[in-house]
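Student:
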Amino acid sequence: MATQPSPRPVSARPAAKPKTKRIKVDLAKQTVETYEDDAKVHQFECVSGDDDHPTDRGSFRILRKHHPYRSRAYDVQMNYAMFFIREPRRPPVKALHQYHGPAPLSVLRTLRSRVSAWFGSHGCVRLSETDARALYEWAPIGTQVTVV
5 MATQPSPRPV
15 SARPAAKPKT
25 KRIKVDLAKQ
35 TVETYEDDAK
45 VHQFECVSGD
55 DDHPTDRGSF
65 RILRKHHPYR
75 SRAYDVQMNY
85 AMFFIREPRR
95 PPVKALHQYH
105 GPAPLSVLRT
115 LRSRVSAWFG
125 SHGCVRLSET
135 DARALYEWAP
145 IGTQVTVV
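Under my numbering, the first residue of the sequence shown carries the number 5, and numbering increases by one thereafter.
In structure tokens, the structure reads:
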């Protein structure tokens, strides 16, 4: 009786490790940057909290995402909302979301930088519709958000 040759072991390549996504909000520059590992993927202009309602600095994680979304507290649209919470989990909860004001975001940024930081949010980080959509589609729940 003839013997069959033994099958050769197939060496499986390890699956590529998924890149770690993270978001950096720079309050001084009023920018949002995204990274995959150490490579910058996006840079967006933003408007953060005003003097009376500053955006908190620290390390956060995206807790939940909603689109469309309407704030019950302020009765405004906050489309592409990504709510982030401090680690370990404790309030306050803020959001990255589409800017909803009457003037273009670029005008608001100019007023904020030249006139007063009063031209800000109630602590959320606001982006143009295009940028908010791109960030919403890019960042999964659990993504780290660092505010500096």
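For glycine and all other residues, C-beta sits at the position ideal for the given N, C-alpha and C.
1. Please classify A85: does DSSP put it in a helix, a strand, or coil?
2. Could you compute how far the alpha carbon of H46 sits from the alpha carbon of A77?
3. Using the three-state DSSP reduction, which class does V137 fall into: helix, strand or coil?
4. Could you pull out every unbroken beta strand (DSSP E) segment of at least 3 residues lying fully inside the stretch 9–48, listed in chain order?
5. Thinking just about the alpha-carbon of each residue, which of P22, T38, V51 is nearest to the one in A138?
6. Using a Cβ-Cβ cutoff of less than 8 Å, which residues in the same chain neighbour S110 once the five nearest sequence positions on both sides are dropped?
7. Applying the criterion that 16 or more other CB atoms from any shown protein chain within 10 Å of the CB defines a buried residue, is A32 buried or exposed?
8. Who are the Cβ neighbours of V149 in its own chain at under 6 Å, not counting the five residues just before and after it?
9. Whole-angstrom Cβ separation of Y103 and A85, contact assumed at under 8 Å?
10. Quick one: complete beta strand (DSSP E) runs, 3+ long, within the stretch 48–82?
11. What is the DSSP secondary structure of S132, counted as helix, strand or coil?
12. Starting from the C-beta of D41, find all residues in its chain whose C-beta is less than 6 Å away, skip the five residues before and the five after it, and write them out in chain order.
Tutor: So, from the data block:
1. Locating residue 85 in the sequence shown gives position 81, counting from the first residue. In this structure, A85 counts as strand in the three-state DSSP scheme.
2. By 1-based counting over the sequence shown, the position of residue 46 is 42. By 1-based counting over the sequence shown, the position of residue 77 is 73. Cα-Cα distance, rounded: 30 Å.
3. Locating residue 137 in the sequence shown gives position 133, counting from the first residue. At residue 137 the sequence reads Arg, which differs from the Val that was named. DSSP places R137 in helix when its eight states are reduced to three.
4. The stretch 9–48 contains these whole beta strand (DSSP E) runs: 25–30, 35–40.
5. Residue 138 sits at position 134 when you count from the first residue of the sequence shown. Sorting P22, T38, V51 by C-alpha distance to the C-alpha of A138 places T38 at the top.
6. Numbered from its first residue, the sequence shown carries residue 110 at position 106. Excluding residues up to 5 positions away in sequence, E49 lie with their Cβ nearer than 8 Å to the Cβ of S110 in the same chain.
7. Stepping through the sequence shown from its first residue, residue 32 is reached at position 28. Classification for A32: exposed.
8. Position 145 of the sequence shown holds residue 149. Within the same chain, V149 has close Cβ partners I27, F64, F88.
9. By one-based count along the sequence shown, residue 103 stands at place 99. By one-based count along the sequence shown, residue 85 stands at place 81. Going by Cβ atoms, the distance from Y103 to A85 rounds to 12 Å, so no, they are not a contact pair.
10. Complete beta strand (DSSP E) runs here, min 3: 62–70.
11. Against the sequence shown, residue 132 aligns to sequence position 128. Residue state, collapsed to three classes: coil.
12. Here residue 41 corresponds to residue number 37 of the sequence shown, with the count starting at 1. Counting only Cβ-Cβ distances below 6 Å, and skipping sequence neighbours, we find K23, T24.
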